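Structure first, commentary second.
In the numbering used here, the protein residues as written are 133 to 461.
Here it is as structure tokens:
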């Protein structure tokens with residue numbers, strides 16, 4: 133399953149030449165997208181899609197046919213044999229259309245504003261000092277396109293300089309891709325990167341440092357559960373790593389965790405050695421209640437999910453902590 137493909141599918145418009153929306157086709161696209169990989173290729177049995185969509189197989193077949201007509205899915209010519217039946221492998225054109233729903237909303241708003249400031253449909257009368265500019269039959273005039281649609285994957289060849297953080301963004305993609313290449317889609321990452329820089333106020337170097345810290349120390353990479361980098365950025369998962377950017381990983385558990393060592397051992401056993409500096413490094417220990425006070429809600433969630441059973445065996449719970457100066461026991 134690819135989060136990128138599902139996010140893309142939800143943002144597409146399934147509208148025919150007459151402007152009629154096809155909800156069945158849209159539903160088929162979203163469900164099919166949940167079975168493709170990060171490159172947009174995948175297959176699914178018609179019966180499975182029909183069951184998930186709670187419709188007939190004929191409805192799914194109609195939806196697939198409409199999606200082909202709209203260019204939202206393409207037949208690769210390759211097939212998959214499953215339970216003695218042959219299914220086509222489809223390609224979703226992830227490099228076209230809206231990258232996600234928010235981009236579509238922004239594009240539609242910009243389109244509406246553009247139309248509001250344009251020609252209101254009033255044709256000036258000739259002979260009153262009005263010069264008609266760019267008449268419809270002038271072939272050398274390029275009509276204005278949909279300025280709000282980001283065509284992901286299309287290189288800009290008009291001599292424009294790359295955005296200021298291109299170097300840092302590229303380095304982040306390379307670092308993430310070294311451990312989880314299937315979780316990096318550069319154009320999607322670029323879009324998410326620009327959004328983070330614009331909204332958060334962090335610098336490109338700070339964000340790159342957070343990425344490098346996460347790649348080096350997040351135990352999810354060791355367990356093969358790394359997120360898509362663009363989603364990691366969109367959801368603000370970089371924030372806990374900003375304070376760790378540039379820090380060298382601690383050599384031992386005792387150098388970063390001054391609570392009971394059996395707690396650190398339990399975390400290492402359940403999540404790997406990198407979990408101690410990542411999630412216990414800034415945590416507090418409440419000895420009276422036997423509670424690990426994680427520095428962030430993100431760290432607390434990771435500890436509960438990854439080492440909850442091991443900690444419960446020690447009668448230890450995890451909460452979100454307050455100031456580091458408060459310590460008991």
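We treat Cβ as the ideally placed atom computed from N, Cα and C, and that holds for glycine.
Since the model is a prediction, treat every value here as computed from it, not as a measurement.
### Message
Helix, strand or coil, according to DSSP, for residue 252 in the structure here?
### Response
Low confidence applies here, because residue 252 scores a pLDDT of 47, under 50, leaving its location unreliable and the question unanswered by this model.
#### Entry: Sequence-distant residues of the same chain with beta carbon closer than 7 angstroms to residue 446, five excluded per side
Around residue 446, the same chain offers 394, 395 and 398 as residues with beta carbons nearer than 7 angstroms, after the five sequence neighbours per side are excluded.
### Task
Return the CA-CA distance between residue 275 and residue 146, expressed in angstroms with no decimal places.
In this prediction, residue 275 scores a pLDDT of 41, lower than 50, which makes its location untrustworthy; the coordinate-derived value is nonetheless stated afterwards. Per the coordinates, the alpha-carbon of residue 275 lies some 24 angstroms from the alpha-carbon of residue 146.
### Query
With residue 338 and residue 229 assumed to form a contact (beta carbons below 8 angstroms), what rounded beta-carbon distance in angstroms separates them?
Not quite, the Cβ-Cβ distance comes to about 32 angstroms (not below 8 angstroms), so this is no contact.
### Proximal residues to residue 430 (C-beta, below 6 angstroms), its chain only, five neighbours per side dropped
Excluding positions up to five away in sequence, the list reads 372.
### Query
Comparing alpha-carbon positions, which option in 427, 202, 435 and 441 lies nearest residue 375?
Ranking 427, 202, 435 and 441 by Cα distance to residue 375 puts 427 first.
### Task
Return the bridge partner residues of residue 153 from the DSSP annotation.
Beta-bridge pairing links residue 153 to 147.
### Query
Quick one: Cα of residue 341 to Cα of residue 162, how far?
Computed Cα separation, rounded: 35 angstroms.
### Message
In this structure, how does DSSP classify residue 357 when only helix, strand and coil are distinguished?
### Response
Here residue 357 sits in coil by DSSP.
### Task
Could you check what DSSP says for residue 211 in three-state terms: helix, strand or coil?
Here DSSP, grouped into helix, strand and coil, assigns residue 211 to strand.
### Message
Using 8 angstroms as the cut-off, can you tell me whether the region 151 to 162 makes contact with the region 209 to 216, which would need three or more C-beta pairs spanning the two stretches below that distance?
### Response
Using a C-beta cut-off of 8 angstroms, the region 151 to 162 makes no contact with the region 209 to 216, since fewer than three inter-stretch Cβ pairs fall below that distance.
### Query
Can you name, in chain order, every residue of its own chain whose Cβ lies under 6 angstroms from the Cβ of residue 138, other than the five neighbours on each side?
Correct list, in chain order: 165 and 166.
#### Entry: Local conformation of residue 447 per DSSP, three classes
Of the three classes helix, strand and coil, the one that applies to residue 447 here is coil, per DSSP.
### Message
Among 173, 403 and 400, whose alpha-carbon lies nearest the alpha-carbon of residue 314?
### Response
Nearest option by C-alpha distance: 173.
### Message
Less than 8 angstroms between the beta carbons of residue 220 and residue 203, yes or no?
### Response
No; because the gap between Cβ atoms is not below 8 angstroms, this pair is not in contact.
### Message
Between the alpha carbons of residue 242 and residue 390, how many angstroms are there, rounded?
### Response
Distance between residue 242 and residue 390, taken at the CA atoms: about 54 angstroms.
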